[in-house]
Structure formats: C-alpha cells, structure tokens
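Residue numbers (our numbering), protein chains in the order written: chain B, 137 to 440; chain V, 37 to 657.
Built from N, CA and C at the ideal position, the CB exists for glycine as well.
Here's the structure we're looking at; comments come further down.
Written out as structure tokens, the structure reads:
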C-alpha cells in the first residue's frame, strides 16, 4: 500500500512537470499577449511592462524562472489583475468544491434510485419513462437545462433566486443543473449492473429463502451493483470540476471554472498555469482514491 | 457493520458541514444600493487600470482636483476648492480645500498629487494611462526614461534598491547633469554606461544592472531619468499645487477628474508595495467611499467614508458592485430585484423592453461618446484607392443596420466624432447612394464589381458584430456586386491581428477619454499609436497639430473640424453608428442622470423608496 502511494506520488510529480512544460510553451505559442487591449500602448510603456514582468527575457529563462518559483510553491501574480494566483484558488476552490459536491450527491441519489427502479421493474412504463428521461438528460447540455430551470423556477414559479452565492437556496438550481447530465449516466450504468447482479445465482438463493423483494434488492443486490458506479466517480468528478464553467457563469457563482477559461482567453499566463496545475493534482488524486476504493470494495483487486 | 456506518456518518457530516461553511461564508448583510459593474476589475491601482468598471470603483474611493458634476459631467471643485488659470492658459494654480482628508485621517496635500502623478509617469510603474499626464510640461520626456534625455540635460539617477525593499519604493536619488548616454567604462569593456556629472565629480552608471557591483568603477543603478524638478508640477505649499502645461489644453480640468491624475497616499504605497497596497486592509483613499472588501468575480463592497470632506451630501452607506460576466444573468438579477442599476443591458433585450413601454418606468437610452466604425487597411489592394473606400461607404444602408441588428435606438453615424461635444460640429461623409457608389467603383476599374480583389471583414466573436458584418456583406453584394468574406477571432487574437494589420477591414470602436474632438481625431495622425489603417495625410497631421497649439478655442474647434472633413473625404475608416447608453435604473434610485460619457458618480446617487414620480434618470435627456 505504502509503496503504491509513493510510486503514484512520484508519477504525479512527473505528470505535473510534463503538464507544466506543455502548457508553458503552448500558451506562448498562441498569438497575443497579456497586455493586449483595444488601445495600443506607446512603445516606451510597453517596454517597461515587459521588463517588469520579465517578458523580454529569452523563453528558456522565463521557463526556468516560472518553474523554480512554482516548485517553491509561489504561483506568482496574475498578469491581468493585481491579485496573487493563490488568492483566486483560496476564494474559488471552496465554492467550486461545495457546488461540485452537491452536484455529485444530486447525480448519485437521482441516478442510483432511477437505475434501481428501472432494473427492478424492467420493461414497465416507469422503466421506459426513466430511460427516456436519462437519454434526454445525456443529450441536453447543462446550459439548456439551466435556461429551462431559470424560466420555470425563477420566473414562472418564483421559488429560487435568479443567481448569486451566499445561501443554500441559491445553490440548489446550479447544483441540479451541473449534476443532471451525470445523474443520467449514473442511472444507465446502475440499471445495467443491477440487471446483471439480479440474474446471479446468489440472488436466486436469496429469493428461494423467502426474502422480500425489498430485502433482496437493497441488502443483497445493491452492494455488488455499486462497483461500476465507483469507477465512474473518478471521471464524473473530473467532469463536474472542469465543466462547472457554464453553470458558474449562468448562475453568477464565483468558482474556479470561469477563471480557468477566462485566464486562457486573457493570455494570463500565470493564472492559467496555476489552475492547470491545480486541476492536474485534483484529478490525479481522485483517480488514486478510486483505485484505492476498488481494492477496499473488491478483495480480488490488488494495488501495485 | 456499525464501524462502516460510523465511517459513512462521519463522511456525510463532513461533507454537509463543508458545503454549509462554503455557502455561509458568502452570506452578507444587504447593501443599500447594488449595481452591475460588468466584469471583475483589474486593480484598484490607478496606474495599472484602463477600463470603465475600474473607473467606477476608483472614482468612488479617490477624488481628483476637480470632480464631475453628476448631471453634466463637467468639472466642479473637488479636492481643489478653486483654481486660477494664467493668461496664456498654460499655468493652473490649484488651491486645495483645508478639510480634504485621507481615510486614515491625514490631510490631503499638494505633495500627494505630485507623488501620484510622478508615480504614474515613472517608467518603473508601467502605467498604461501615463499619456493622460503628458500634457504637463516635460512629463512625456520623464516617462520615456533614458530615451527622453540628451547630454546636457539635468537628470536624476535612481540607485538600486536593496533587494528586501518593496518595488514601489525609490532607490537613493542623485541629481546631476547628463554627460553621455553611451560612454565607455574605464576598463574599456562596456560601452553602454551612462556618464553623469554629480556635484563636481563624473560618475558612470549601468542602467538596469542587477548586481550590486559592476566592473570597471561603474555603479549599477535602476534608471536614469529627466530630473523630476524639470516636470511642470510643483507643490508650492501643502495646499497649493501648480501645473505647467506643454501647451494650452482646454480639457485639462476634465483630465484632473481622471484617475491618472488622482492623488496617492505615499506611506501606504511605499510600505506595502504593489499590489498589496491596494488590498482592502491596506488601501488609503480620499473619496466618498471606502473599500470594505473585494471578492474575486463576486463583488466589491464600498462603505461611506467618514473622513470625506463632503460626507454630508453622500447618502448611500453600503454599495455593492457586482461583477456578473453574463449580461443575461445580470438582467435576470435586475428583473428579480437583486440589482438596482444595470449598466449594460443587452441591446436586443432593450428593444423588447422598449416595446413593452419600459421607457416610462426604468429605461432611457441616450447617445454617449462612443463610435462604432470599420477600419480599412490601406496597405491592401483595392482599399488603397480612395474611390473604392468612398464606394464602400456610399453603398451602406446604415439605417438597416441599426434597425435590424440594434435595438436601443442607436444613431447612424456619418462622422467619427459623435454629436454632443460642446461647440463642435461633426463633419459628415456622404450618405448612402448606391448609384454613385457603383459609378465610383467602375471608375476605379471594377465595373459591376468585376475583378474586385477579395478581402476579409475581421471582428471579435460576438453575436452583434457578426450580425452587422453579415448585413454589410449583403449590402455590398447587393449594391456593388462584390463579395467579401468574414472572419471572427476571440478577443486576444483579434487585437493581435489588428495591431499587425492582418485584416482587410476591421471592426473597431472608440470611446472618448474627455469631452473633446481631439480624443478621436488625434488617433489618425500619421503613425499614431491607434491609427492602424496605414493612412497618412500631411494636411491632416498639420491641422491636428495646429489645433493642439491654438490658444483660441473657437479657432481650435474649426481646425479640428477641417481635419475631420479630410478624414471623412478620404475615409480610412467608415463610421457605422453611435452607441447609446443602455442603463436600467429602478424608479426609487435618485440622483442618477444620463451623461455624455455614460459615467455616473456614486456619491450623488441615493435611494428613496417612498419617492413618487419620474426619477432624474427618466427625465434627463
């Protein structure tokens, strides 16, 4: 176990370095720079700004400076705004995490329930309905869901506020819109794996013992059927974290997603780099956690 | 089983409490007045910002020598309670009011203005708006660093700072006379040293050298600049400031309302360094409001200052400036009562609202000083031919463009300078005339558009720009028989293409910095920073330069009008329409007026929920 973690940690360092290098050169290969605006700067002033941010140094020198600063834990100041990068992360990460967590809970609760119902009442009207809803849920991007949700729940039936951050009521619509497509995926995975488990011998044995349908499904079939959901958790978390951009914009939530895209559009080299590295660490950690949870849930899998 | 249950319970509790913590951290007591400040501002440091959202915040926490009248946006006494102007209109003597205070209680002095402007001009600051101060005598030379001085000039040498000091401090200053910019040091190795006579001694300096010791008896230094005492700004005493200008500048008082000329509290800037001095816990301002906190991409909260000299007339206690990126979301928030003033309503939404009669309730679009135009690249065939440019302009149906693509009553434009500038008469190009356009095009050698070379319309990705480009493409095809293509690029690449003149025709717009035609017309002088058309006309250059030197305002305006007449005949740009402001302001908001620059001082705004009748916004023109 320890050696597994150490090995994974070393690989993470290598991954981070590769990500750093690729992003560094990609960002600078794109036309435009961090000081562009509709008004041209007089050349003397532009030269001063370049000098202040060391953008007039040769590329390898810039690379080396940023790499060594990053290793020391200093992500630097943003180019476009007078704030250090870690302040963005400190303010945005809790918001994104809270939103993401709630969205994940939504998608799990809805998805698993729908999946069980579909599998148990296979072929019934409710199965058909749930499956169609799930298909539509996968096909609809979350900004469409958000637009519909706003029309219904903000303007037609004013139950939720239009946008903002600071109360639980403001969190529900965005978390729902962010989680809905994933709920649809989870429902489909759950249905398949539940059908699979329900056809196993031990379920027949359980029924033969005279257990009620409810006991068979919830106590005997459910734990086994949950394994594929666990493996979906890794990519789902990744998708929810990086995919929160649209929902954050529509609901005016100060999370990390919009910083990420805006930093790239603004050519804000330091901020974009800081967020790319942060996402790398988060996704990597999530994947390691999923690997560990496999081993814990299924004794046949060994970590190495 | 029970252990597993406990584990699940712990995880769930942790999850719920961390979500609750993150949410409740965002919970705040409500503000008196909330407005939509468009986007997250870049900074609170006047030296590093350029945009309108920044302007709104900075004008609330700082105040210049003059401050804008909320109704006309013309200068009236701010920190300076009065001023005298010399007969040649080059020397302004400002008398500062005795009760002007910083938010920490210290008095605002003439030296604070001198410090703020010196910092703006200092090349080390990298200020974008330094050119707003260039009207002051020798200011441009000061901000050019070593490039601004010649042997024989009085200079100041700034020695290196110890590494531990904040960047905003200045190194030790030596005053002397520049002997040579490219001397050779005594060892003969380095030929890029600066020789300066300090006192009776000749000393050699190496600019921008990081090391504390340089070889050959050369001293490292941060920079060599024109002696700041040569720059036309002088603090006679604590309460008297004199600015001497390069030439008469009729809009100088207006410029003192701009943040580039705001005072700064030196101990704050120097102690905390940049950008830390702008953080809420550190910043010291002198305006009507104080910065309480700033949350990235969420809001800036301002509270009324208790040290501001005119605090009795400031009626809002807490103001929130929200940075909502999506205009649709901001509109939803306005409609559900969470925003009191929406600054930038989507044009097509405005059209719907006008149809619903909202101009009787909370909407009153009005022209302001911003022009939407197409810039032409004259280095590219066939746009180098003036007949082609005239044909392109004549073939446009601008009415159709504003009717189809816009909705807030935007005004068609036939000139660059928008109407509304006092005393100035905008000069127009010819209105739409497809027959004449066709005649000019065939005269240029392209009858019915045959053989017309291809070029592209470049615009930044945005629905409105795309609709306009599409309409123009169709109008040219219909009226001239020519085919042009369209190319959209996201903002960063678009600016880059624009600078490199990598386009045939490019969408542009320009908002005036002050109420004067000069801010538009000096763009197109030969090789101007923002010319970007390759156009050059000596007569035009002469007229703009003569206008700048002209003492008599009447004559000056006539000179500028002649310049615009040339511009509208030569057409290196094709004006399309003038913007209108698109503010939505709730009826209970009072003290809010339409102004020519679409800026609205927060200090004058108040909320009166019991008031009846139309507010000032609906009644103003």
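Of the residues the options, the one placed nearest residue i, counting alpha carbons only
i              : options                           : result
residue 584(V) : 143(V), 282(V) and 439(V)         : 282(V)
residue 359(B) : 334(B), 158(B) and 311(B)         : 334(B)
residue 353(B) : 379(B), 255(B), 428(B) and 225(B) : 255(B)
residue 329(V) : 638(V), 67(V) and 655(V)          : 67(V)
residue 608(V) : 512(V), 462(V), 410(V) and 461(V) : 410(V)
residue 230(B) : 78(V), 308(V), 381(V) and 61(V)   : 61(V)
residue 210(V) : 194(V), 218(V) and 217(V)         : 194(V)
residue 510(V) : 294(V), 433(V), 186(V) and 307(V) : 433(V)
residue 346(V) : 98(V), 381(V) and 54(V)           : 98(V)
residue 384(V) : 371(V), 319(V), 331(V) and 499(V) : 499(V)
residue 104(V) : 147(V), 294(V) and 174(V)         : 294(V)
residue 474(V) : 512(V), 505(V), 502(V) and 490(V) : 512(V)
residue 392(V) : 625(V), 113(V), 443(V) and 572(V) : 443(V)
residue 516(V) : 290(V), 71(V), 198(V) and 478(V)  : 478(V)
residue 358(V) : 73(V), 589(V), 129(V) and 533(V)  : 73(V)
residue 220(V) : 240(V), 299(V) and 476(V)         : 240(V)
CB contact below 7 Å: residue i versus chain B
i              : result
residue 372(V) : yes
residue 63(V)  : yes
residue 646(V) : no
residue 407(V) : no
residue 567(V) : no
residue 532(V) : yes
residue 51(V)  : yes
residue 81(V)  : yes
Beta-carbon separation (whole angstroms), residue i vs residue j, contact threshold 8 Å
i              : j              : result
residue 377(B) : residue 232(B) : 7 Å
residue 537(V) : residue 415(V) : 6 Å
residue 314(V) : residue 127(V) : That belief does not hold up - the Cβ atoms of residue 314(V) and residue 127(V) are roughly 33 Å apart, past 8 Å.
residue 429(V) : residue 465(V) : 6 Å
residue 191(V) : residue 94(V)  : Not quite, the Cβ-Cβ distance comes to about 32 Å (not below 8 Å), so this is no contact.
residue 332(V) : residue 354(V) : Incorrect: roughly 20 Å between the Cβ atoms, too far for contact.
residue 352(V) : residue 642(V) : 6 Å
residue 325(V) : residue 96(V)  : 4 Å
residue 658(V) : residue 115(V) : The question about residue 658(V) has no answer here: the residues shown for chain V are numbered 37 through 657.
residue 290(V) : residue 551(V) : 6 Å
Any chain V beta carbon closer than 7 Å to residue i
i              : result
residue 153(B) : no
residue 222(B) : no
residue 332(B) : no
residue 302(B) : yes
residue 438(B) : no
residue 217(B) : yes
residue 390(B) : yes
residue 357(B) : no
residue 369(B) : no
residue 418(B) : no
residue 408(B) : no
residue 363(B) : no
residue 234(B) : yes
residue 401(B) : yes
residue 381(B) : no
Other residues of its chain near residue i: CB distance less than 7 Å, five sequence neighbours each side excluded
i              : result
residue 109(V) : 631, 632, 633 and 635
residue 411(B) : 392, 395, 396 and 399
residue 397(V) : 623
residue 618(V) : 380, 381, 383, 386, 401 and 444
Partners in chain V for residue i, counting only beta-carbon separations shorter than 7 Å
i              : result
residue 404(B) : What residue 404(B) touches in chain V: nothing, since even the nearest Cβ is about 10 Å away.
residue 299(B) : 365, 368 and 369
Proximal residues to residue i (C-beta, below 6 Å), its chain only, five neighbours per side dropped
i              : result
residue 593(V) : 459 and 460
residue 176(V) : 170
residue 166(V) : 156, 157 and 179
Within chain V, partners of residue i - CB distance below 8 Å
i              : result
residue 385(B) : 361, 362 and 365
residue 228(B) : 332 and 333
residue 190(B) : What residue 190(B) touches in chain V: nothing, since even the nearest Cβ is about 12 Å away.
residue 286(B) : 368
Interface partners of residue i on chain B, CB under 8 Å
i              : result
residue 78(V)  : 216, 217 and 218
residue 517(V) : Within 8 Å Cβ-Cβ: nothing; residue 517(V) doesn't reach chain B, min ~33 Å.
Chain V residues whose Cβ lies nearer than 9 Å to that of residue i
i              : result
residue 213(B) : 311
residue 394(B) : 333 and 361
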